[in-house]
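J.: So the sequence shown is numbered by our numbering: it starts at 12 and just counts up by one. We put the CB at the ideal spot given by N, CA and C, even for glycine.
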Amino acid sequence: DGAVAQDRCGTISLLADDFADNQVGREWIAWGDTGAVTLEGAGQLQIVFASAGETWAGYTSRNRFDLRDGELRAGVVQAGATDTVLELKDRTGDRCQLVAEAGQLVARVVDGAGASDRASVPYVPSVHRYWRMREVGGTLFWETSADQQAWTLLHAEPTPIDAAHVHGVVAAAGSATTGSAIFDSVNVGVTPALGFCAAATVHDEFASSPLEPIWSGWSDSGCNVTEEGGDLTMTFAGTGESWCGIETWHLVDLTASSVTLDAGGAPDALRFVSYFQVIAMGDDSTVLEIGREQTSLWFQQWIGGNSVTSVDRTYSASNDRFWRLREDAGDAVFETSGDGTSFTQRARVPAQFDLSRVEITIGAGHYGSGPGTPVTARFAAVNP
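1. Whose C-beta lies closer than 7 Å to the C-beta of D231 among residues of the same chain, with five residues either side of it excluded?
2. Quick one: Cα of L97 to Cα of A118, how far?
3. Give the straight-line distance between the Cα atoms of T347 and A391, rounded to the nearest whole angstrom.
4. Go ahead and label A210 buried or exposed: buried means 16 or more other beta carbons lie within 10 angstroms of its beta carbon, across all protein chains shown.
5. Quickly, what does DSSP pair V393 with across the bridge? List them, please.
6. I need the straight-line Cα distance from V132 to D80, nearest angstrom please.
7. If I measure Cβ to Cβ from A88 and keep anything under 6 Å in the same chain, skipping five residues before and after, which residues do I get?
8. Going by other Cβ atoms of all chains shown within 10 Å of its Cβ, with 16 needed for buried, is T155 buried or exposed?
9. Based on Cα-Cα distance, which residue from N235, V298, S329 and F345 lies nearest to V369?
10. How should A214 be labelled, buried or exposed, when 16 other C-beta atoms within 10 angstroms of its C-beta is the threshold for buried?
11. Please report the Cβ distance between F30 and A47, rounded to the nearest whole angstrom; I am assuming they are in contact, meaning their Cβ atoms lie under 8 Å.
12. Using a Cβ-Cβ cutoff of less than 7 Å, which residues in the same chain neighbour T212 once the five nearest sequence positions on both sides are dropped?
13. Which residue's Cα is closest to the Cα of E304: A280, G276, N317 and I290?
14. From the DSSP output, in three-state form, read off V24 for me.
15. Report the rounded CA-to-CA distance for G293 versus R84, giving the unit in angstroms.
16. Short of 6 Å in beta carbon distance, which residues of its chain neighbour E112, apart from the five on each side in sequence? Order them along the chain.
17. Tell me I314's beta-bridge partners as DSSP assigns them.
18. Is it the case that the Cβ atoms of R145 and E51 are separated by a distance below 7 Å?
19. By DSSP's criteria, V96 is part of a beta bridge. Which residues make up the other side?
20. To the nearest angstrom, report how far apart Y141 and L116 are at their CA atoms.
21. Taking the alpha-carbon of W39 as reference, which of C20, D18, R19 and A68 has the nearest alpha-carbon?
22. Please report how far the alpha carbon of G43 lies from the alpha carbon of T188, in whole angstroms.
23. Checking 7 Å against the spacing of the C-beta atoms, do T246 and T387 come in under that value?
24. Any idea if L78 is buried or exposed, counting beta-carbon neighbours within 10 angstroms, 16 or more meaning buried?
25. Buried or exposed for T163, going by 16 or more other Cβ atoms inside 10 Å?
26. Can you have a look at N317 and say buried or exposed, based on whether 16 or more other CB atoms are within 10 angstroms of its CB?
27. Looking at chain C, is there any beta carbon in it that lies within less than 7 Å of the beta carbon of W334?
28. Apart from the five residues on each side of it in sequence, which residues of its chain come closer than 7 Å, Cβ to Cβ, to R223?
29. To which residues of the same chain is A208 closer than 6 Å at the C-beta, ignoring the five residues directly before and after it?
30. Applying the 10 Å Cβ sphere with the 16-neighbour rule, what's the burial state of S24?
31. Spatial neighbours of G379 within its chain, please: CB distance less than 6 Å, with the 5 preceding and 5 following residues excluded, ordered by chain position.
32. Excluding five sequence neighbours on each side, which residues of the same chain lie with their C-beta closer than 7 Å to the C-beta of G54?
33. If you draw a straight line from the C-alpha of V289 to the C-alpha of G206, how long is it?
34. Measuring straight from C-alpha to C-alpha, what distance separates T325 and T45?
35. Is P221 near the ligand ATP, judged by its Cβ being under 6 Å from some heavy atom?
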């Protein structure tokens with residue numbers, strides 16, 4: 012193809028599953044219409060249908076990845092459904108697909124203008140056993156293989172989606188009168204040169220909205236999350252229980268790295284909590300956390316919802332404005348600083364979960380009856 016892939020961190024090539032654990036992996040979100048079911052067993056993902064009308068089901072990656080200089084590959088054992096699909100979906104909803112449909116294998120692009128079939132060939136299961144879409148130097152290639160050794164080009168064009176922020180999808184559509192779709196691998200045998208991008212590479216001074224494409228915002232009623240005047244701002248009504256926050260769409264690697272939050276604008280209101288976390292992939296009950304409530308500052312490690320590390324200190328505005336989480340030699344290290352330059356270690360414990368693929372979360376909220384008056388939490392920067 013005349014181009015050489017670069018070594019790039021955080022690529023879609025890191026999304027991998029051999030479907031051998033008989034359950035939905037944490038890298039995926041399983042979904043399906045009524046009458047369509049995803050089943051894992053014996054090293055296969057099966058998508059089966061029971062309704063009279065057409066229904067869809069599949070797996071979508073929980074996180075976003077960088078498609079640039081990466082690939083999404085799948086082993087397709089059976090494409091008996093009406094549509095069997097391998098898909099790259101960008102942050103706007105535009106998609107690139109390989110689709111087995113009506114006896115054809117189709118390279119397809121779906122965007123705001125609708126679906127456009129770029130190329131197709133008669134589908135031959137033994138010849139088209141493996142499908143992949145890969146991006147090199149700004150060009151996307153749709154390819155197939157019988158053995159994952161020799162690949163045949165179906166179509167290529169300048170990458171038509173936002174390649175920096177994509178989800179991987181395996182899916183199918185069918186009915187009770189169609190067959191099922193069976194996949195036996197995603198990116199098995201694909202070895203990226205690099206892992207996820209270091210946590211220290213995430214920089215945001217919240218100078219302009221929107222939070223996309225790096226952050227996903229969430230909120231209960233009574234809370235609003237915005238970027239305002241160079242701050243991440245969470246505005247609360249102040250009554251009852253209400254929580255909101257943001258988390259990274261992309262996974263990052265905390266090993267031999269760190270992430271820092273300027274939390275100087277965390278309020279000291281009654282029954283109000285501010286927190287900074289790194290979260291295990293797909294498991295928000297397994298986290299490292301620095302949190303504050305009024306004058307109490309804590310450093311915790313949670314595994315499966317159980318606190319296995321808990322260290323507390325009295326909050327000092329002059330010493331604890333900046334919160335830092337880092338990994339060093341297998342340990343989780345919790346630190347604070349008054350100026351963002353000189354940090355003091357507050358706790359150090361063995362890390363009890365994989366820190367090489369985590370999400371970063373910033374959140375706040377009030378509980379019980381709440382503070383009783385409106386409250387605003389402001390966070391000035393991540394890795395300032």
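T.: Here's the rundown:
1. Numbered from its first residue, the sequence shown carries residue 231 at position 220. Once the five neighbours on either side are set aside, the close Cβ partners of D231 are S253, W254 and C255.
2. Residue numbering aside, residue 97 sits at position 86 when the sequence shown is read from its first letter. Residue numbering aside, residue 118 sits at position 107 when the sequence shown is read from its first letter. Each residue's CA atom was taken as its position, placing L97 and A118 some 10 Å apart.
3. On the sequence shown, position 336 is the one that residue 347 refers to. On the sequence shown, position 380 is the one that residue 391 refers to. Cα to Cα, T347 sits roughly 15 Å from A391.
4. Along the sequence shown, read from residue 1 onward, the residue named residue 210 stands at position 199. It counts as buried.
5. For the purposes of this step, residue 393 is identified with residue 382 of the sequence shown, where counting begins at 1. Bridge partners of V393: D215 and L272.
6. Locating residue 132 in the sequence shown gives position 121, where the first residue counts as 1. Locating residue 80 in the sequence shown gives position 69, where the first residue counts as 1. Going by the C-alpha atoms only, they are around 26 Å apart.
7. The residue labelled residue 88 in the question sits at position 77 within the sequence shown. This sequence places Val at residue 88; Ala is not what is there. Taken in chain order, the residues that qualify are I193 and D195.
8. To locate residue 155, count along the sequence shown from 1; it is residue 144. It is buried - the Cβ of T155 has at least 16 other Cβ atoms within 10 Å.
9. Here residue 369 refers to the residue found at position 358 of the sequence shown. When only C-alpha atoms are compared, the closest one is V298.
10. Position 203 of the sequence shown, counted from the first residue, corresponds to residue 214. The identity of residue 214 in the sequence shown is His, whereas the question assumes Ala. Exposed, since its Cβ has fewer than 16 Cβ neighbours within 10 Å.
11. As a first step, residue 30 is located in the sequence shown; it is residue number 19 there, counting from the start. As a first step, residue 47 is located in the sequence shown; it is residue number 36 there, counting from the start. Not a contact, Cβ separation roughly 18 Å.
12. Residue numbering aside, residue 212 sits at position 201 when the sequence shown is read from its first letter. Cβ neighbours of T212 beyond the five flanking positions: none.
13. The residue you call residue 304 lines up with position 293 of the sequence shown. E304 has its Cα closest to that of A280, out of A280, G276, N317 and I290.
14. Counting from one through the sequence shown, the residue named residue 24 turns up at place 13. Note on identity: in this sequence residue 24 is Ser, with Val being the wrong assignment. Here S24 sits in helix by DSSP.
15. The count along the sequence shown starts at 1 and reaches residue 293 at position 282. The count along the sequence shown starts at 1 and reaches residue 84 at position 73. Looking at the two C-alpha atoms, the distance is approximately 22 Å.
16. Here residue 112 refers to the residue found at position 101 when the sequence shown is read from its first residue. Cβ neighbours of E112 within its own chain (closer than 6 Å, five residues either side excluded): D94.
17. Here the question's residue 314 lines up with position 303 in the sequence shown. DSSP output for I314 lists N317 as bridge partner(s).
18. The sequence position of residue 145 within the sequence shown is 134, counting from 1. The sequence position of residue 51 within the sequence shown is 40, counting from 1. The Cβ-Cβ distance between R145 and E51 does not fall below 7 Å.
19. As a first step, residue 96 must be located in the sequence shown, where it is residue number 85. In the DSSP assignment, V96 is bridged to V110 and A182.
20. As a first step, residue 141 is located in the sequence shown; it is residue number 130 there, counting from the start. As a first step, residue 116 is located in the sequence shown; it is residue number 105 there, counting from the start. Approximately 12 Å between the Cα atoms of the pair.
21. Position 28 of the sequence shown, counted from the first residue, corresponds to residue 39. The shortest Cα separation from W39 among C20, D18, R19 and A68 belongs to A68.
22. Along the sequence shown, one-based indexing puts residue 43 at 32. Along the sequence shown, one-based indexing puts residue 188 at 177. Cα to Cα, G43 sits roughly 18 Å from T188.
23. Along the sequence shown, one-based indexing puts residue 246 at 235. Along the sequence shown, one-based indexing puts residue 387 at 376. Yes, the Cβ-Cβ distance between T246 and T387 is below 7 Å.
24. Residue 78 sits at position 67 when you count from the first residue of the sequence shown. Its Cβ being crowded by 16 or more others within 10 Å, L78 is buried.
25. Numbered from 1 along the sequence shown, position 152 holds the residue referred to as residue 163. Burial call: exposed.
26. In the sequence shown, counting from the first residue as 1, residue 317 sits at position 306. Its Cβ having fewer than 16 others within 10 Å, N317 is exposed.
27. Absent from the structure is chain C; it holds one protein chain and no more.
28. Mapped onto the sequence shown, residue 223 falls at position 212. The identity of residue 223 in the sequence shown is Glu, whereas the question assumes Arg. Cβ neighbours of E223 beyond the five flanking positions: R102.
29. Here residue 208 is taken as the residue at index 197 of the sequence shown, counted from 1. As written in the sequence, residue 208 is Cys, which differs from the Ala given in the question. Cβ neighbours of C208 beyond the five flanking positions: C20, G21 and V263.
30. Residue 24 sits at position 13 when you count from the first residue of the sequence shown. Counting Cβ neighbours within 10 Å, S24 comes out buried, since at least 16 surround it.
31. The residue you call residue 379 lines up with position 368 of the sequence shown. R282, listed in sequence order.
32. For the purposes of this step, residue 54 is taken as residue 43 along the sequence shown, with counting starting at 1. Same-chain partners within the cutoff: D29, F30, A31 and D195.
33. The residue given as residue 289 occupies position 278 in the sequence shown. The residue given as residue 206 occupies position 195 in the sequence shown. Cα-Cα distance, rounded: 17 Å.
34. For this step, residue 325 is matched to residue 314 along the sequence shown. For this step, residue 45 is matched to residue 34 along the sequence shown. So the alpha carbons of these two residues sit roughly 52 Å apart.
35. Annotation note on the ligand ATP: not contained in the displayed structure, which lists no ligands.
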